[in-house]
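**Q** Mind looking over this structure? Questions follow.
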Amino acid sequence: MPVSQLPSQPIDNNSSAATDVTPVVALKELVARLHREQNKIQDLLSSLGFALRSFNNLNQFLELIPLMATRVTDADGSALFLYKPNGQVRLEQLHWQDSHQRKNIRKALEIASSQITLLPNAAPLANATGILDDQMHRYLGPDVQIFGTAILVKHTERGWLYVLSRDPEYSWTETRQKLVRLVADQTAVAIENDELAVELRKKERLDQELEIGAEIQRRLLPRQCPIIPGAVLAARCKPANRVGGDYYDFIATNHNKIQPKTKSGTETSRWGLVIGDVMGKGVPAGLIMTMMRGMLRGEVLHGNSPAGILQNLNRVMYADLENSHRFITLFYSEYNPHSRILSYSNAAHNPPLWWHAATKTVSRLDTFGMLIGLDANSQYEDAQAQLEPGDTIIYYTDGLTDAAAAGGDRFDEDNFVAGFNTACKYCNGPEEIVDYLFDQVEQFIGADKQNTDDMTLVVLQIL
């Protein structure tokens, strides 16, 4: 057929253009869709991070986890399982897109998790996850695919986050694995933060209780030294912790008695001067010290000699101290301002030092006696010292002589005696003696170092 006789064909000017443009448009649409998906994932993860920073309630945060895992992986649902301290595996939270199926899915997952019991307070069994997978497959049926990742808190498995899908074409891609891993890590951070917050609240409550205990103990120690005719006192107690085991006291022995008075009207009754140290530090030692204080004050009312007081106190406290595996060193003395006689008895405490003003020498006040609480039948001895004007007695605990420098050297008793001798010669009054000796010990151990034991000093000086 001649060319002129060929049937005319409609000309489509856009056909070639459409052939050229369609792949470009499709690619642009793909890029736009991926960009939208990326933005969606970023927004979801950003919201999850905001929730982690904002929520104070762990359960509120955990409610978001399955929803986020479902959204970032385009799954039908997600389930969060946590291991409980009692060994149970519990379905903590569930999200399922189809509300009609949610109830059946939840029931199936709860039955699956109830079949597993871990060892209480122990790491999960090695095959616990495999057992959970098998149970989920069994109760959800073959048409539900499951993919999961562990919730790890400090390298310890605390649960699992699962993604669920009914789509047979659904694939567990590397990207989806990373996204769920990220959500699981955020879950682990939330759990750890909640546990740290619980521990912090416990610590705050304990700190408050310790502060109350320390305040009670401070109030039980003498607030000020008594006024004794012809003598002057000073005392200081520096606990290593907020609650300590050192004890000192001034006890008037004239309860419910009519005493003669001097011309100035001041009572001339004897005063009990006591110092003690409960073995150990902190709250247990502080509790025993408080108990001992009450019992000792009760014994003083009976009017016995110092040795009799220690003997009765030992018998009364023996059972409690034996049960607590603790002992007490105690030095009890009574000073008579009229005769200037100091009567005393020692229960294995550091013997107080006596500085003789006349000879400028130091001796010790000591008697034989065992620790309080060591033997119910311990016997104690009485002794007396005739004090003269200018004489000084210092009572102390071993926290001062055992104070250690950075190199490990101890301040020791020789240094303490030498310091006391110097202080008695050059210090003006008991308060300055206390200041001087504490300064000597603190300089020895170092200004930036805290002593590890309670330190107590009591100074009695005859005018």
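Just so we're aligned: the sequence shown equals residues 1 to 463 in UniProt numbering. In this text, a Cβ means the ideal position worked out from N, Cα and C, and glycines have one as well.
1. Spell out a yes or no on whether the region 334-353 and the region 362-369 are touching, meaning 3 or more CB-CB pairs, one atom from each, closer than 8 Å.
2. Does the region 447-463 come into contact with the region 228-247, if we say contact requires no fewer than three beta-carbon pairs (one atom in each stretch) closer than 8 Å?
3. Quick one, are the C-beta atoms of residue 210 and residue 242 less than 8 Å apart?
4. Please state if the CB of residue 251 and the CB of residue 465 are separated by a distance shorter than 8 Å.
5. Return yes when the Cβ of residue 372 is within less than 8 Å of the Cβ of residue 324, no when it is not.
6. Evaluate residue 196 with the Cβ neighbour count: other Cβ atoms within 10 Å of its Cβ, from every protein chain shown; 16 or more gives buried, anything less gives exposed.
7. Between residue 79 and the rest of its own chain, which residues show a CB-CB distance below 7 Å, the 5 nearest in sequence each way excluded?
8. Thinking just about the alpha-carbon of each residue, which of 88, 339, 441 is nearest to the one in residue 414?
9. May I ask you to report which of helix, strand or coil DSSP gives residue 445?
10. Just how far apart, CA to CA, sit residue 276 and residue 432?
11. Quick check on DSSP: helix, strand or coil for residue 147?
12. Taking the alpha carbon of residue 183 as the reference point, which residue from 430, 48, 274, 446 has its own alpha carbon closest?
13. Is the distance from the Cβ of residue 339 to the Cβ of residue 306 below 8 Å?
14. Just the C-alpha distance for residue 68 and residue 130, rounded to the nearest angstrom, thanks.
15. For the alpha helix (DSSP H) that residue 412 lies in, which residues bound it at each end?
16. Ordered along the chain, which non-local residues of its own chain (more than five positions away) have a Cβ less than 8 Å from that of residue 194?
17. CA-CA distance, residue 396 and residue 407?
18. Please classify residue 113: is it buried, with 16 or more other beta-carbons within 10 angstroms of its beta-carbon, or exposed?
19. Alpha carbon to alpha carbon, how far is residue 439 from residue 392?
20. Whole angstroms are fine: how far does the CA of residue 83 sit from the CA of residue 73?
21. Buried or exposed, going by whether 16 or more other CB atoms sit within 10 Å of the CB of residue 302?
22. List the whole-angstrom C-beta distance separating residue 149 from residue 180, where the pair is believed to meet the contact cut-off of C-beta under 8 Å.
23. Terminal residues of the continuous alpha helix (DSSP H) containing residue 335?
24. Can you list, in chain order, the residues of its chain with a C-beta nearer than 6 Å to that of residue 247? Leave out the 5 residues immediately preceding and following it.
25. Do you know how far the Cα of residue 437 is from the Cα of residue 452?
26. Have a look at residue 121 and residue 86 and give me their C-alpha separation to the nearest angstrom.
27. Shortest alpha-carbon distance to residue 160 belongs to which of 167, 168, 151, 166?
28. Taking the alpha carbon of residue 75 as the point to measure from, which residue in 60, 64, 147 has its own alpha carbon closest?
29. Using the DSSP secondary-structure output, state which residues sit across from residue 90 in a beta bridge.
30. Take the Cβ of residue 328 as the centre, count every other Cβ of all protein chains shown within 10 Å, and call the residue buried at 16 or more, exposed below.
31. Secondary structure at residue 246, three-state DSSP: helix, strand or coil?
32. Can you grab the Cα-Cα spacing for the pair residue 376 / residue 269, in whole Å?
33. Return the bridge partner residues of residue 345 from the DSSP annotation.
34. Straight-line CA distance for residue 200 to residue 297?
35. Tell me which residues share the same chain as residue 476 and place their Cβ nearer than 6 Å to its Cβ, disregarding the 5 neighbours each side in the sequence.
36. Ends of the beta strand (DSSP E) at residue 234?
**A** Quick look at the numbers:
1. yes
2. yes
3. yes
4. There is no way to answer for residue 465, as the model of the chain reaches only from 1 to 463.
5. no
6. exposed
7. 66, 91, 94, 109, 162, 164
8. 441
9. helix
10. 23 Å
11. strand
12. 48
13. no
14. 24 Å
15. 412-426
16. 58
17. 24 Å
18. buried
19. 19 Å
20. 24 Å
21. exposed
22. 5 Å
23. Premise fails: residue 335 lies in the beta strand (DSSP E), 328-336, not in any alpha helix (DSSP H).
24. 276, 289
25. 17 Å
26. Note that residue 121 has pLDDT 49, beneath the 50 cutoff, so the model's placement of it is unreliable and no number is given.
27. 151
28. 147
29. 82
30. buried
31. strand
32. 31 Å
33. 332
34. 39 Å
35. Because the chain is modelled from 1 through 463, residue 476 falls outside the range shown and cannot be assessed.
36. 231-238
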